[in-house]
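Participant: In the UniProt record's numbering, the protein residues as written are 1 to 357.
Backbone N, C-alpha and C define an ideal beta-carbon position, used for all residues, glycine too.
So that we are looking at the same thing, I have put the structure below in structure tokens.
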Amino acid sequence: MTNEAIQEGGSSGHFAVFSSQNSKFRYSYNKIREVKSYRIAELFTAYRDILWDDGRHKYNVSSFIGEIDEILLGERFSTFDQNTLDNLIGTLRQRGNSNATINRKMAALSKLLRKAHKMGDIHSLPEFRRQKERAGRIRFLERDEEARLFAAIRSRSEDSYRLSVFLVDTGCRLGEALGLIWNDIQEHRVSFWITKSGRSRTIPMTERVKEVIKLPPTTEGRRPRGPFTKLTQAQYRAIWNEAKTEVGLGADEQVVPHILRHTCASRLVQGGIDIRRVQMWLGHQTLSMTMRYAHLATNDLDGCVVVLEKPRADEAPRSAESSVFASPLTAPFAAKAARKESGSEPAKARRKSSKGK
Numbered sequence: 001m002t003n004e005a006i007q008e009g010g011s012s013g014h015f016a017v018f019s020s021q022n023s024k025f026r027y028s029y030n031k032i033r034e035v036k037s038y039r040i041a042e043l044f045t046a047y048r049d050i051l052w053d054d055g056r057h058k059y060n061v062s063s064f065i066g067e068i069d070e071i072l073l074g075e076r077f078s079t080f081d082q083n084t085l086d087n088l089i090g091t092l093r094q095r096g097n098s099n100a101t102i103n104r105k106m107a108a109l110s111k112l113l114r115k116a117h118k119m120g121d122i123h124s125l126p127e128f129r130r131q132k133e134r135a136g137r138i139r140f141l142e143r144d145e146e147a148r149l150f151a152a153i154r155s156r157s158e159d160s161y162r163l164s165v166f167l168v169d170t171g172c173r174l175g176e177a178l179g180l181i182w183n184d185i186q187e188h189r190v191s192f193w194i195t196k197s198g199r200s201r202t203i204p205m206t207e208r209v210k211e212v213i214k215l216p217p218t219t220e221g222r223r224p225r226g227p228f229t230k231l232t233q234a235q236y237r238a239i240w241n242e243a244k245t246e247v248g249l250g251a252d253e254q255v256v257p258h259i260l261r262h263t264c265a266s267r268l269v270q271g272g273i274d275i276r277r278v279q280m281w282l283g284h285q286t287l288s289m290t291m292r293y294a295h296l297a298t299n300d301l302d303g304c305v306v307v308l309e310k311p312r313a314d315e316a317p318r319s320a321e322s323s324v325f326a327s328p329l330t331a332p333f334a335a336k337a338a339r340k341e342s343g344s345e346p347a348k349a350r351r352k353s354s355k356g357k
């Protein structure tokens, strides 16, 4: 008998069997799929409602993907290679996009392509490298700015005022506050379950937060599902924009509702709270996010000014004992040496020293 394989089944079936003297093989045709290609816009249409919740972010992502599809000239892909990605980033940079903007657009594209790859629509993915971003200035509200802005908001909507106070004292995101239900509030603490990072967190409430979550009695006698569920993001942003224009902040593009989160973080750091606790309070996924506020923690550097100040002519040199940076281990020995040098060493010690001679 020869070793030549003999086909036992027809190729028109779901499988075919090939046999020889030494082995028998069974080949299945059920897993064979036609390789298709898709436009980026088509993939977005297929998966946008799965990957992104309705809201402003989804609207921005839609704009990003539309621009990317336009740059790629509606090309269809079964694989998305590194060269295509690099050319795309280069075009965005030529259009004047900053690295931060490019990162946001690439984050949307990466999320879409990873989903398409998982579903078998795209068969290879490039490596997405985060572009280096410059550390920009973080804008936060001064106390007087907060007072003026909140007064203008309150004159328009008591619910929006209550929400503003809650945002600045908890540092939570707008969506996190609007999604609260009463079960999330227990005694002196509030828990955020639906968060951007996907990690829940619980923080204590300030006294004024405890006050603003109390709803006034209604004629209907029925309490809403949560303290801020009467509001939508669009309604709150509209009232915010009217109020900030009234108090003279209309031209400042950084004065958006998210500034209240920056304000909370800045006050915690300036008040001496360590960065790790600030990270836990804000719910940052990585410490690097919180480190943006670290430059505000200058209390530990105040002693440097004393060292750098030029001493006056009538001021005696500072002793080691009184140095602001004297070590608690070395200061007593340094002080003793200084007293001996100046002749102010106790008499008992001097007698002991002379007796030894």
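Cα separation between L125 and H258?
Facilitator: Distance between the alpha carbons of L125 and H258 is about 34 Å.
Participant: Quick one: Cα of L194 to Cα of D81, how far?
Facilitator: Per the sequence shown, the amino acid found at residue 194 is Ile instead of Leu. Between I194 and D81, the C-alpha separation is close to 35 Å.
Participant: Classify E309: buried if its beta carbon has 16 or more other beta carbons within 10 angstroms, exposed otherwise.
Facilitator: Burial call: exposed.
Participant: Which residues in the same chain as D184 place their Cβ atom closer than 8 Å to its Cβ, once the five residues preceding and following it in sequence are excluded?
Facilitator: Excluding sequence neighbours, D184 sits near V190, S191, F192, W193 and G226.
Participant: State the DSSP-derived secondary structure class of R76, mapped to helix, strand or coil.
Facilitator: DSSP places R76 in coil when its eight states are reduced to three.
Participant: Taking the alpha helix (DSSP H) that F44 belongs to, which residues open and close that run?
Facilitator: Unbroken alpha helix (DSSP H) run through F44: I40 to L51.
Participant: Quick one: any contact between the region 172-181 and the region 252-272, if contact means 3 or more CB pairs under 8 Å?
Facilitator: The region 172-181, when compared against the region 252-272, does touch it at the 8 Å Cβ threshold.
Participant: Start and end of the alpha helix (DSSP H) containing T170?
Facilitator: Per DSSP, T170 belongs to the alpha helix (DSSP H) from E158 to T170.
Participant: Can you tell me whether S78 is buried or exposed? The criterion is at least 16 other CB atoms within 10 Å of its CB, across all chains shown.
Facilitator: The residue is exposed, with fewer than 16 neighbouring Cβ atoms inside 10 Å.
Participant: Check V35 in the structure and name its three-state DSSP category.
Facilitator: In this structure, V35 counts as coil in the three-state DSSP scheme.
Participant: Using a Cβ-Cβ cutoff of less than 6 Å, which residues in the same chain neighbour H284 once the five nearest sequence positions on both sides are dropped?
Facilitator: Correct list, in chain order: T290.
Participant: Take L163 as the anchor and find which of A151, R130, L178 and L149 has the nearest alpha-carbon.
Facilitator: Closest by alpha carbon: L178.
Participant: Quick check on the DSSP output: the alpha helix (DSSP H) that includes T245 runs from which residue to which?
Facilitator: Element bounds for T245: Q233 to E246.
Participant: For E158, count the other beta carbons within 10 Å of its own beta carbon; 16 or more makes it buried, fewer makes it exposed. Which is it?
Facilitator: Exposed, by the Cβ-count rule.
Participant: Among the residues of its own chain, which have a CB less than 8 Å from the CB of E146, if the five just before and after it don't count?
Facilitator: Taken in chain order, the residues that qualify are V168 and T263.
Participant: Can you tell me the Cα-Cα spacing of I122 and T229, whole angstroms?
Facilitator: Spanning the two alpha carbons is a distance of roughly 40 Å.
Participant: Using the C-alpha atoms, what's the distance from P311 back to D302?
Facilitator: Those two C-alpha atoms are separated by around 17 Å.
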